[in-house]
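Whatever position you read off the sequence shown (first residue = 1), add 1487 for the numbering used here.
For glycine and all other residues, C-beta sits at the position ideal for the given N, C-alpha and C.
Everything on this sheet refers to the single structure shown next.
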Amino acid sequence: MQKKEPDTSDERIIEIPVYHGSSKIVDISDILFPGPRADCDFGRGFYVTQHKTIAEEWVINEDTPIINKYVLKAPESDILRLTGRDWLRVVIGYRTNALKTSLKSPIVCGTIANDRLVPSFNAFMGDTIGDLRLLECLELAELGDQYSLRESAKYLRWEGSYSLRGMELDRAISRNRKRMQNVHNRVREIYRKHVDGEKYFYEYLDEGGYNEV
C-alpha cells in the first residue's frame, strides 16, 4: 500500500516585505551560502528584517549604504522562532562559541542583538547581571526581529534597492544616535534591579547549548 503524503494544503504561509542593508546591490543571484560570518546572532546565513528603519541603521557607516528589498515567502514549518532563554542560548552559542548549538530549520527568526546591546552582553557574561535583566535590556532597545536564511535564497523574491543618502541618511544617523542614548541611560536602572529566578552566564555554560529537535 502506497504511503499517503501529509496534507499541507492548510499550512500557514507567511509573505512579508523584508530588507537587507549592504554596501552594494544584492540580487538573489548574489546571495552566497552558508554566509561569511559564523559569529552572527544565529550563525552563518543571509539576514533580513521586516523593519526598514533598522536596516537603514545597519548601514549608516558604509561608504555606499544601500537597502535591498525582498519579499519573504515561506511556510511556518520552515521557520524556527526563537524567544526568551532559547533565543539567548543560541546567540551565546554563535556569538561567543562558548556553547554548542544545533539548528535544523532553514530559516531562524528572533530579535536582533546589535551594538546597542554589547555593554549589556558584556555585563551578562561577566555575571554582573542575570539573563532576565539582559532580556529586559533587549526589549528596551526595540530592535525588532530578523530572519536568517541558513541554506537557500529560494524563499526570497528581490524587489529592488535604493541608496541611503542625503536627508534619509541624516535621519537614520540621528535616529540611531537617539536610540543608543536612550538605551544607555535606561539600562543602568535595569542593572540595579534585583530579579528573582534569574540565571547567570556560568549557569548557561553548565547546562550546555541549544539543540533543535
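Next item on the list: Put Glu1502 into one of helix, strand or coil per three-state DSSP.
Entry: By one-based count along the sequence shown, residue 1502 stands at place 15. Of the three classes helix, strand and coil, the one that applies to Glu1502 here is strand, per DSSP.
Check: Quick one, which of His1671, Leu1656, Pro1606 and Leu1619 has its alpha-carbon nearest His1681's?
Finding: As a position in the sequence shown, residue 1681 is number 194, starting the count at 1. It is Leu1619 whose Cα lies nearest to the Cα of His1681.
Checklist line | For Ala1542, the first and last residue of its enclosing alpha helix (DSSP H) | finding: By 1-based counting over the sequence shown, the position of residue 1542 is 55. Counting along the chain, the alpha helix (DSSP H) containing Ala1542 begins and ends at Lys1539 to Trp1545.
Item checked: Contact under 8 Å by Cβ, Leu1636 with Ile1594 -> Taking the first residue of the sequence shown as 1, we reach residue 1636 at position 149. Taking the first residue of the sequence shown as 1, we reach residue 1594 at position 107. Yes, these two residues count as a Cβ contact at 8 Å.
Margin query: Measuring straight from C-alpha to C-alpha, what distance separates Tyr1634 and Met1654?
Written below: Counting from one through the sequence shown, the residue named residue 1634 turns up at place 147. Counting from one through the sequence shown, the residue named residue 1654 turns up at place 167. Spanning the two alpha carbons is a distance of roughly 28 Å.
Next item on the list: Going by CA-CA distance only, name the one from Met1612, Leu1590, Trp1574 and Ala1585 that's closest to Ile1599.
Entry: Against the sequence shown, residue 1599 aligns to sequence position 112. With distances taken between Cα atoms, Ile1599 lies closest to Trp1574.
Notebook entry, point to check: For Gly1613, which of Leu1559, Phe1688, Val1674 and Pro1552 has the nearest alpha-carbon?
Noted result: Here the question's residue 1613 lines up with position 126 in the sequence shown. For Gly1613, the nearest C-alpha among the options comes from Phe1688.
Next item on the list: For Glu1690, collect the residues of the same chain with a Cβ closer than 8 Å to its Cβ; drop the 5 residues on either side in sequence, then sort them by chain order.
Entry: Here the question's residue 1690 lines up with position 203 in the sequence shown. Hits under 8 Å: none found.
Item checked: Cβ separation of Glu1646 and Phe1520, assumed to be a contact under 8 Å, to the nearest whole Å -> As a first step, residue 1646 must be located in the sequence shown, where it is residue number 159. As a first step, residue 1520 must be located in the sequence shown, where it is residue number 33. Going by Cβ atoms, the distance from Glu1646 to Phe1520 rounds to 20 Å, so no, they are not a contact pair.
Checklist line | 8 Å CB neighbourhood of Ala1640 in its chain, flanking five on each side removed | finding: Position 153 of the sequence shown, counted from the start, is the residue given in the question as residue 1640. Hits under 8 Å: Ile1515, Ile1518, Phe1520 and Phe1533.
Check: In this structure, does DSSP put Ile1554 in helix, strand or coil?
Finding: Mapped onto the sequence shown, residue 1554 falls at position 67. Here Ile1554 sits in strand by DSSP.
Notebook entry, point to check: Going by alpha carbons, who is nearest to Thr1615 out of Glu1685, Glu1544, Leu1586 and Arg1652?
Noted result: Residue numbering aside, residue 1615 sits at position 128 when the sequence shown is read from its first letter. Among Glu1685, Glu1544, Leu1586 and Arg1652, the Cα nearest to that of Thr1615 belongs to Glu1685.
Item checked: Enclosing beta strand (DSSP E) for Ser1648 [first to last residue] -> Stepping through the sequence shown from its first residue, residue 1648 is reached at position 161. Note, Ser1648: beta strand (DSSP E), Leu1643 to Ser1650.
Note to self: In the DSSP assignment, the beta strand (DSSP E) including Phe1533 goes from what residue to what residue?
What the structure shows: Start at 1 with the first residue of the sequence shown, and residue 1533 comes out as number 46. Taken as a continuous stretch (DSSP letters only), the beta strand (DSSP E) holding Phe1533 covers Phe1533 to Thr1536.
Checklist line | Residue from Ile1541, Asn1669, Pro1523 and Cys1527 whose Cα sits closest to the Cα of Thr1583 | finding: Position 96 of the sequence shown, counted from the first residue, corresponds to residue 1583. When each option's Cα is compared against that of Thr1583, the closest is Cys1527.
Item checked: Spatial distance of Ala1585 from His1538 (CA atoms) -> In the sequence shown, residue 1585 corresponds to position 98, counting from 1. In the sequence shown, residue 1538 corresponds to position 51, counting from 1. Answer to the nearest angstrom: the Cα atoms are 30 Å apart.
Check: In terms of residue numbering, what span does the beta strand (DSSP E) encompassing Val1595 cover?
Finding: Translated into the one-based positions of the sequence shown, residue 1595 becomes position 108. Start and end: Ile1594 to Thr1598.
Item checked: Residue range of the unbroken alpha helix (DSSP H) whose run includes Tyr1678 -> In the sequence shown, the residue the question calls residue 1678 occupies position 191. Looking at the DSSP string, the run of the alpha helix (DSSP H) that includes Tyr1678 is Gly1653 to Tyr1678.
Next item on the list: Can you give me the Cβ contacts of Ile1579 inside the same chain, cut-off strictly under 7 Å, excluding the 5 residues immediately before and after it?
Entry: The residue given as residue 1579 occupies position 92 in the sequence shown. Answer for Ile1579: Ala1585, Leu1586 and Tyr1691, listed in chain order.
Next item on the list: To the nearest angstrom, report how far apart Pro1562 and Leu1643 are at their CA atoms.
Entry: The residue labelled residue 1562 in the question sits at position 75 within the sequence shown. The residue labelled residue 1643 in the question sits at position 156 within the sequence shown. Cα to Cα, the separation comes out at about 12 Å.
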